[in-house]
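Asks: As you go down the protein sequences, you meet chains A and B in turn.
Quick note on UniProt numbering: the first sequence kicks off at 1 and runs consecutively.
Quick note on UniProt numbering: the second sequence kicks off at 1 and runs consecutively.
Yeah, the Cβ is synthetic: ideal placement off N, Cα and C, and Gly gets one too.
Have a look at this one before I ask anything.
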Amino acid sequence: MKQFMLAALAASTILSGATLAFAQDKSLTIESWRNDDLTIWQEKLIPAFEKAHPGIKVTFAPSAPTEYNAALNAKLDAGSAGDLITCRPFDASLDLFNKGQLADLTSLPGMENFSPVAKSAWSTDDGSKTFCVPMASVIHGFIYNKDAFDQLGIAVPKTEAEFFAALDKIKADGNYIPLAMGTKDLWEAATMGYQNIGPNYWKGEDGRKALIEGKQKLTDADWVEPLKTLAKWKPYLGDGFEAQAYPDSQNLFTLGRAAIYPAGSWEISQFNSQAQFKMGAFPPPVKNAGDTCYISDHNDIGIGLNAKSPNQDAAKTFLSWVASPEFATIYANALPGFFSLSNTPVKMEDPLAQEFVSWREQCKPTIRSTYQVLSRGTPNLENETWVESANVINGTETAEQAADKLQKGLDGWYKPGAAK
Amino acid sequence: MTQAPAPARRPFRWHIPVLLAPAVLVYSAIMILPLFGTLQLSLFRNVEGVRTFVGLANFQTLFGDARWSASFWNALWNNTWFFIIHMVVQNPIGVALAALLSSPRLRFAAFYRTAIFIPTILSFVIVGFVWKLILSPLWGVAPNLLDLVGLKSLFTPWLGKEEYALTTLGLISVWQFVGIPMMLIYAALLSIPDEVIEAAELDGVTGWSQFWKIKLPLILPSIGIISILTFVGNFNAFDLIYSAQGALAGPNYSTDILGTFLYRTFFGFQLQSGDPYMGSTIASMMFVIILAGVCVYLFAVQTRLRRYQF
Chain A
1 MKQFMLAALA
11 ASTILSGATL
21 AFAQDKSLTI
31 ESWRNDDLTI
41 WQEKLIPAFE
51 KAHPGIKVTF
61 APSAPTEYNA
71 ALNAKLDAGS
81 AGDLITCRPF
91 DASLDLFNKG
101 QLADLTSLPG
111 MENFSPVAKS
121 AWSTDDGSKT
131 FCVPMASVIH
141 GFIYNKDAFD
151 QLGIAVPKTE
161 AEFFAALDKI
171 KADGNYIPLA
181 MGTKDLWEAA
191 TMGYQNIGPN
201 YWKGEDGRKA
211 LIEGKQKLTD
221 ADWVEPLKTL
231 AKWKPYLGDG
241 FEAQAYPDSQ
251 NLFTLGRAAI
261 YPAGSWEISQ
271 FNSQAQFKMG
281 AFPPPVKNAG
291 DTCYISDHND
301 IGIGLNAKSP
311 NQDAAKTFLS
321 WVASPEFATI
331 YANALPGFFS
341 LSNTPVKMED
351 PLAQEFVSWR
361 EQCKPTIRST
371 YQVLSRGTPN
381 LENETWVESA
391 NVINGTETAE
401 QAADKLQKGL
411 DGWYKPGAAK
Chain B
1 MTQAPAPARR
11 PFRWHIPVLL
21 APAVLVYSAI
31 MILPLFGTLQ
41 LSLFRNVEGV
51 RTFVGLANFQ
61 TLFGDARWSA
71 SFWNALWNNT
81 WFFIIHMVVQ
91 NPIGVALAAL
101 LSSPRLRFAA
111 FYRTAIFIPT
121 ILSFVIVGFV
131 WKLILSPLWG
141 VAPNLLDLVG
151 LKSLFTPWLG
161 KEEYALTTLG
171 LISVWQFVGI
181 PMMLIYAALL
191 SIPDEVIEAA
201 ELDGVTGWSQ
211 FWKIKLPLIL
221 PSIGIISILT
231 FVGNFNAFDL
241 IYSAQGALAG
251 PNYSTDILGT
261 FLYRTFFGFQ
271 LQSGDPYMGS
281 TIASMMFVII
291 LAGVCVYLFA
301 VQTRLRRYQF
């Protein structure tokens, strides 16, 4: 009897196992550096997808932003990476595609929803092949404490002179730290500082392309000027800004202790939930009133397909959904500050996000100058820019010295025109 | 003449290799093989996507290329300074603490011993984070504490200044690890037999002169061991700098030591993609430096140390 029971048990286990295997869902794993977005993926995006596509289970598995590239490369080499890969813009992803680790998505249904500019960050240099679905861009500007501005009677600065006059006024009042930024983490100085205000000086795409073509150098006035302006920020930063890290800056601003925050639009959702005061935003001030303004509207996030994934079809279904307007709407509203790159306009509710995206109409957008082509070699221009921007603000180097070092580093490996 | 029977050949003692095998195998697999793998990798380079043997060309780049060599020498000097801080601050304090602890009249010795040793068992990440908070100019307790004693003007954002950052990190590391020399010296001091001390006292050697003339020579071998442990530990250091300053070891690479330089090169950072070949070259240099240091100690110092047997 006992043996019969055992046999029956064993048989039922095998049978149920078999049925399970038969009906088993395809499961997809997404590699990402956006660990801040975990809840949005788990609560909004993934359920919306799984509802429309029963039979595919999706897991969002993020890692720390600074470790993402290294970790992803290691995982891809070892063959243990997830099915879907969140793509950094430009060379990091292009490398993966050239190594055959990202699949070609040029003919993916849904790709027609994106303009060539939107796809530029994830296409081959000649634009013929695209390997990631563009998800979002981020826009740089300044977020300010509206209550503080009202209290001190400051109007939103439009020109650089007005900007520094406002900073002087805030400093003289003494209740607020004028600018919430630190140099400890280095990248704040470069990304929130240099790449934020820079496009107005080097005239956006014109300057960026001229630099890649070798028609301009980093030692030209257009490129040194933003560093000089950055150096002028020093007296307006908080006490001990040299040891102020990125989260410190965020907290200084959201606690209402600082008046202006040099920002990237990705801050919006976190600031909305933390700040107890009204916030506004303004684009980087131009030199003279009436000048054309340029903003950094940087293609930041895409998503691609691990070429070695065993679930190619399911993954492609998911990617087509990511390319759809449905995803764009959910994503842009769940994460105000990450702006859809899709051709179909997306309705957004958040006023701060609307403010940011409205600059797309007044100003000419460009992407960060160091990202395309110029960070392919060693020394890496982006990383050097972090270090040098921080040096300039710390006052340990002049703008000219910094520009000189950057150009020398670039000359060390980059021959304009040779890069194809 | 009766000859003693030839001693029976001792049977081969199989239990020795058998008992040694697991350790030898595991150690070879996870330490020795990767070490040689790294040394080998440093002789190759990625040429057009193919791994190509290039001899010592990577070393030529590391020392010949102005940028690479500047980074390398900067890291090496910073590392040396890091080591000097440990030798000058950590080890004397460790010896002094051990001398105090071994004093028979000290009360609560066990408590002090434990309290001083505790930071050693903390994770680097915790130590880095806690000290970043303590020294933070915004929320830290350091500015307030200095303010209490009227020395606020002495406070600067130490971790953010090129001239102070590395020394500050060195001192944090000293704070964390001072327990190790203390324990080793403490054990050495305890092992000095009472007769020696008694004899010294009969000869009128007491107090400080007893420490300098009797105890210190007896614990010199332990101090030697500590020095070499400090050397190896410092030239392998990475964690504290990485957790407190990040992989770019700012400001302006002023806290860049060989470990962080290796990490950045090998694994890449942000837009910089990793280069395992140059990374291995740096790792090989670290191996050579540590090996040279240990050899100097073994052949030049240790052989001259007098050992006393009781």
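Check whether the region 134 to 154 of chain A touches the region 291 to 306 of chain A, counting contact only when three or more Cβ pairs, one atom from each stretch, lie closer than 8 Å.
Replies: yes
Asks: Hey, out of L152(A), Q195(A), M181(A), whose CA is closest to G174(A)'s CA?
Replies: L152(A)
Asks: Between A165(B), N144(B), M182(B), E162(B), which has its C-alpha nearest A110(B)'s C-alpha?
Replies: M182(B)
Asks: Three Cβ pairs or more, each shorter than 8 Å: is that satisfied between the region 153 to 161 of chain B and the region 250 to 266 of chain A?
Replies: Contact annotation: the region 153 to 161 of chain B does not touch the region 250 to 266 of chain A, with fewer than three C-beta pairs closer than 8 Å.
Asks: Please say whether A249(B) and K132(B) have beta carbons closer to each other than 7 Å?
Replies: Not closer than 7 Å, so no.
Asks: Please classify H86(B) as buried or exposed, where buried requires at least 16 neighbouring CB atoms within 10 angstroms.
Replies: buried
Asks: Just to confirm, is the Cβ distance from A334(A) to I40(A) under 7 Å?
Replies: The answer is yes: Cβ separation under 7 Å.
Asks: Since F231(B) is in the alpha helix (DSSP H), which residue starts that stretch and which ends it?
Replies: 216 to 235
Asks: For E355(A), which residues from the same chain have a beta carbon less than 8 Å from its beta carbon, with the 5 sequence-adjacent residues on both sides left out?
Replies: Hits under 8 Å: G280, A281.
Asks: Does the CB of E242(A) have a neighbour CB from chain B at under 7 Å?
Replies: So yes, E242(A) belongs to the interface.
Asks: Which word fits R264(B), buried or exposed, when buried means at least 16 other C-beta atoms lie within 10 angstroms of its C-beta?
Replies: Counting Cβ neighbours within 10 Å, R264(B) comes out buried, since at least 16 surround it.
Asks: Give me the subset of the region 242 to 253 of chain B whose CB atoms are less than 9 Å from a CB atom of chain A, sorted by chain position.
Replies: Q245, G246, A247, L248, G250, P251, N252, Y253
Asks: Check for me: the alpha helix (DSSP H) holding P134(A) runs from which residue to which?
Replies: Element bounds for P134(A): not the alpha helix (DSSP H) but the beta strand (DSSP E), 132 to 145.
Asks: With a threshold of 16 other CB atoms inside 10 Å of the CB of R208(A), please say whether the residue is buried or exposed.
Replies: buried
Asks: Grab the span of the beta strand (DSSP E) containing I364(A) for me, first residue to last.
Replies: Looking at the sequence shown, residue 364(A) is not Ile but Lys. It spans 364 to 366 - the beta strand (DSSP E) in which K364(A) sits, taken as one unbroken run.
Asks: Quick one: what's got a C-beta closer than 8 Å to I228(B)'s C-beta in the same chain, skipping five residues either side?
Replies: G293, V294, Y297
Asks: Going by C-alpha distance, which of V232(B), V89(B), L135(B), T303(B) is nearest M286(B)?
Replies: V232(B)
Asks: In three-state terms, what does DSSP make of A281(A)?
Replies: strand
Asks: For chain B, is any of its Cβ atoms less than 7 Å away from the one on K184(A)?
Replies: yes
Asks: Which parts of the region 331 to 366 of chain A are runs of the alpha helix (DSSP H), unbroken and 4 residues or longer, counting only runs that do not cross its ends?
Replies: Along the region 331 to 366 of chain A, the alpha helix (DSSP H) occurs as fully enclosed runs of 4 or more residues at 351 to 362, listed in sequence order.
Asks: According to DSSP, Q272(B) sits in a beta bridge with which residue or residues?
Replies: F269(B)
Asks: So, is the C-beta of K161(B) closer than 7 Å to a C-beta in chain A?
Replies: yes
Asks: Which residue's Cα is closest to the Cα of A283(B): Q272(B), F266(B), G274(B)?
Replies: F266(B)
Asks: Are at least three pairs of beta-carbons, each pair with one atom in the region 205 to 217 of chain B and one in the region 274 to 283 of chain B, less than 8 Å apart?
Replies: no
Asks: Give a yes or no on whether the minimum CB-CB distance between P89(A) and chain B is below 7 Å.
Replies: no
Asks: Whether or not the region 94 to 105 of chain A and the region 34 to 51 of chain A are in contact is what I'm after, with contact meaning three or more pairs of Cβ atoms, one per stretch, closer than 8 Å; do they touch?
Replies: Because the criterion of three Cβ pairs below 8 Å is not met, the region 34 to 51 of chain A and the region 94 to 105 of chain A do not touch.
Asks: Given a cut-off of 7 Å on the beta-carbon distance, is the pair E162(B) and P251(B) in contact?
Replies: yes
Asks: Pick out whichever of A165(A), V133(A), K184(A) has its Cα sitting closest to the Cα of S136(B).
Replies: K184(A)
Asks: According to DSSP, is F22(A) part of a helix, a strand, or is it coil?
Replies: In this prediction, F22(A) has a pLDDT of 43, which is less than 50 and means its spatial position is unreliable; nothing more can be read from the coordinates.
Asks: According to DSSP, simplified to helix, strand and coil, what is D297(A)?
Replies: strand
Asks: On the DSSP letters alone, give me the boundaries of the alpha helix (DSSP H) that G128(B) sits inside.
Replies: 124 to 135
Asks: Should G55(A) be labelled buried (16 or more other beta-carbon atoms within 10 Å of its own) or exposed?
Replies: exposed
Asks: Compare the beta carbon distance of Y414(A) and F90(A) with 7 Å and say whether it is the shorter of the two.
Replies: no
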